[in-house]
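Okay, so here's the structure we're looking at.
Number of protein chains: 2
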Amino acid sequence: DDLASQGGVQVRRSNKKPVVLVLGSGWAAHSCIKVIDTDACDVIVVSPRNHFCFTPMLPSTAVGTVEFRSLLEPIRVSNEFVGYLEADAEILDLESKTVTCSAVGAYESGYRPNFTVPYDMLVVAVGEQSATFGVPGVTEHCSFMKEVRDTVKIRRKLGETFELAALPGTSEEERRRLLHFVVVGGGPTGVEFSGTLSDYVRSDLRRKYPLLMPYVRVSLLQSAQGILTQFDSGLARRALDDLQRTGVEIRTGVRVIQVTDRQVVLKGGERMDYGLCVWSCGNAPRPLVKSLIDSLPEQNGSKLAVDPFLRVIGATDVLAMGDCSAIVNAPLPATAQVAAQQGSYLAHMINKGYVIGTGGMDSVPPA
Amino acid sequence: DDLASQGGVQVRRSNKKPVVLVLGSGWAAHSCIKVIDTDACDVIVVSPRNHFCFTPMLPSTAVGTVEFRSLLEPIRVSNEFVGYLEADAEILDLESKTVTCSAVGAYESGYRPNFTVPYDMLVVAVGEQSATFGVPGVTEHCSFMKEVRDTVKIRRKLGETFELAALPGTSEEERRRLLHFVVVGGGPTGVEFSGTLSDYVRSDLRRKYPLLMPYVRVSLLQSAQGILTQFDSGLARRALDDLQRTGVEIRTGVRVIQVTDRQVVLKGGERMDYGLCVWSCGNAPRPLVKSLIDSLPEQNGSKLAVDPFLRVIGATDVLAMGDCSAIVNAPLPATAQVAAQQGSYLAHMINKGYVIGTGGMDSVPPA
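Protein chains in written order, with this note's numbering: chain A, 2 to 368; chain B, 2 to 368.
Structure, rendered in structure tokens:
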């Protein structure tokens, strides 16, 4: 067809096989394409990221304990019979069963190719994005802990702040600012990263920058009264003790209301100078998911409501899994384990030739 | 002193030890600081690059065969008793025996700290920079093969061109352009890299992008009539055969007169579309070396003329080694081996307490 002749990929290899279009390349999507039977269907993956990332070790790559490439598997290698397109899925048309996509890469002229992919079955597994809660300056000035490109930036920035701080032309005050590392958010990511960072800057870098050690500070800011509030309180207390022993200064009950290029502003007016600010305050829905939810009268949450067969309620031939979804009346934790299990469950279901049809708690199970 | 109290480093740890200021962190400087006795002198290294790089394997990092960090040794680890400052040395004052430096990193405001380092003995080991011969567009549009940051960029760019080329929204013509890789310069670096690149894009990437293989081309452009002209002709012929067998299209006797964002323009008017252009046409002196040569009446070449003791001719207490220097009447090849041997020779000489004094073929040897 047209797309196949235009592109290096064949979107539909024959007219007999159904096209399964998977959006995303995280835990759920990766596990799905590892299991799916490409003899029975044409599988196309659209994602801005051409690799799967083993996220639990992401914080360690920011300080160099683990090399970036050790965490990555190219999607084209995960399953070489799957078609992969490096693009953002921008518009879902449930009527015509097509998704309009825009390339991640651009030509020298700035032009980004865009194209439309038809599907017979759509799998939404795009995860979530970092929540900023509309706090001004976060997007511009903070680092995140979500993708390898985030930790690449953090690693470079850590090197730069120490080298700048070590120069004779740097004032005492600037040195103190540059070496103050602030982590905002006391959930699992913020706790893991602030501990890793404190270990690194106080222990590993001691040999390289012995004279700078008195200036180094790592602060963890948390708006609730405790850290790791979603876990058992004994476990949270142990984590708190461990973090403090590592030299992390923990401040609970503080709310960040603005981030400038060099200061974190707290509710109440306090301003903290910083050299690096990492923002890890939970997740929010991606625009694509939000617009899909808004377009379906049956949906009204911040995640796609699915039935126990992962069918999106109110949509036809659309499935969702991983962090962007929630099973109605039986929500599961937003973890890698759940997403990976859903991915392989869905692939097995598709391999058995299920006809998905319309999703909904009252709809009949897929045939 | 002032510098010590301002900065995290102590430029002069006591008033008794002489300060040896080394400019550079390449083969010569690295080998020198490995051997130099920091009990006898205070050693300060100023270089924009805070690591030594094992340059012979640089082309392999561009395609991922070797990981970047495997080639690097932080200067602060090479010798932890040496003071290191990440900065460009900008102004040498031979009268007052000081070097004025500007930080590589900048504050958020854009301000770069600058400072002056006094020396008793100055060692210039800054190497050379890529020669562009004033060809318009080279600096803006070409990649180089000199530093790890260059090959990081090439690796990212290679990934981007293949992903863009694989999209259905990319035209046949653009696909052909994106996957044409042009290497300019038929010396050792260009020959090594074009072969490595051709192997990678035709063999390693075949599994990931089978449908794109018909579009892939690697061209090596050389202005002379043969490649590797500085080597024995039998060896050059063998290299030529090997390269062609790897699938590199070699064009000799062509001169590049301009590079645009997507075309290489040859003398005669031919224009070649490209997706990635790597420029490796030899080296030229760095501005600092050029200004030092211009300031000394005894100097007139493109490298710093030194006597057999590596003393810069016409200067007092200034030494030079590696690619930025040439021994009068006994020039040595500009190789890693020569630079490393000069570095350790110089360190041994300094360790023996030599008083360097004025350099020159007629001057007395150092005491």
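For every residue, glycine included, the Cβ atom is placed at its ideal position computed from N, Cα and C.
Beta strand (DSSP E) segment containing residue i, residue limits
i, result
"residue 74 (chain A)", "73-75"
"residue 84 (chain A)", "84-94"
"residue 333 (chain A)", "Premise fails: residue 333 (chain A) is in no beta strand (DSSP E) and is neither H nor E."
"residue 103 (chain A)", "99-104"
"residue 306 (chain B)", "305-307"
"residue 182 (chain B)", "181-185"
"residue 122 (chain B)", "122-125"
Residue i versus residue j - alpha carbon distance
i, j, result
"residue 347 (chain A)", "residue 308 (chain A)", "13 Å"
"residue 259 (chain B)", "residue 141 (chain B)", "11 Å"
"residue 102 (chain B)", "residue 222 (chain B)", "38 Å"
"residue 213 (chain B)", "residue 199 (chain B)", "14 Å"
"residue 149 (chain A)", "residue 203 (chain A)", "23 Å"
"residue 2 (chain A)", "residue 105 (chain A)", "No answer about residue 2 (chain A) holds up, because its pLDDT of 42 lies below 50 and its placement is not dependable."
"residue 129 (chain B)", "residue 287 (chain B)", "5 Å"
"residue 179 (chain B)", "residue 68 (chain B)", "25 Å"
"residue 372 (chain A)", "residue 317 (chain A)", "The question about residue 372 (chain A) has no answer, for chain A in this structure spans 2 to 368."
"residue 125 (chain B)", "residue 169 (chain A)", "21 Å"
"residue 368 (chain A)", "residue 16 (chain A)", "22 Å"
"residue 195 (chain A)", "residue 219 (chain A)", "7 Å"
"residue 57 (chain A)", "residue 173 (chain B)", "41 Å"
"residue 270 (chain B)", "residue 241 (chain B)", "26 Å"
"residue 100 (chain A)", "residue 273 (chain B)", "36 Å"
"residue 235 (chain A)", "residue 227 (chain A)", "12 Å"
"residue 297 (chain B)", "residue 243 (chain B)", "46 Å"
"residue 237 (chain A)", "residue 262 (chain B)", "55 Å"
"residue 365 (chain A)", "residue 358 (chain A)", "9 Å"
"residue 154 (chain B)", "residue 143 (chain B)", "11 Å"
"residue 38 (chain B)", "residue 321 (chain B)", "19 Å"
"residue 27 (chain B)", "residue 21 (chain B)", "17 Å"
"residue 336 (chain B)", "residue 32 (chain B)", "14 Å"
"residue 60 (chain B)", "residue 47 (chain B)", "26 Å"
For residue i, the three-state DSSP class (helix, strand or coil)
i, result
"residue 300 (chain A)", "coil"
"residue 325 (chain A)", "helix"
"residue 174 (chain B)", "helix"
"residue 111 (chain A)", "coil"
"residue 116 (chain A)", "strand"
"residue 358 (chain A)", "coil"
"residue 153 (chain A)", "helix"
"residue 320 (chain B)", "strand"
"residue 21 (chain A)", "strand"
"residue 192 (chain A)", "helix"
Exposure of residue i, with buried meaning 16 or more beta-carbon neighbours within 10 Å
i, result
"residue 268 (chain B)", "exposed"
"residue 53 (chain A)", "buried"
"residue 332 (chain A)", "exposed"
"residue 29 (chain A)", "buried"
"residue 92 (chain B)", "exposed"
"residue 51 (chain B)", "buried"
"residue 231 (chain A)", "exposed"
"residue 109 (chain B)", "exposed"
"residue 78 (chain A)", "exposed"
"residue 201 (chain A)", "buried"
"residue 66 (chain B)", "exposed"
"residue 97 (chain B)", "exposed"
Span of the alpha helix (DSSP H), counted from its first residue to its last, around residue i
i, result
"residue 144 (chain A)", "Careful: residue 144 (chain A) lies outside any alpha helix (DSSP H) and carries neither H nor E."
"residue 131 (chain A)", "Where residue 131 (chain A) is concerned, there is no enclosing alpha helix (DSSP H), although the beta strand (DSSP E) it sits in stretches over 129-131."
"residue 339 (chain B)", "337-352"
Interface flag, residue i vs chain C, CB-CB below 8 Å
i, result
"residue 106 (chain A)", "Absent from the structure: chain C. Protein chains present are A and B."
Discussion item. Report the start-end ranges of each beta strand (DSSP E) in the region 24-82 of chain A that is 3 residues or longer and not cut off at the edges.
Written reply: 43-48, 52-54 and 73-75
Item to complete: At 4 residues or longer, and completely inside the region 202-290 of chain A: list those alpha helix (DSSP H) runs for me, N to C.
Response: 234-246
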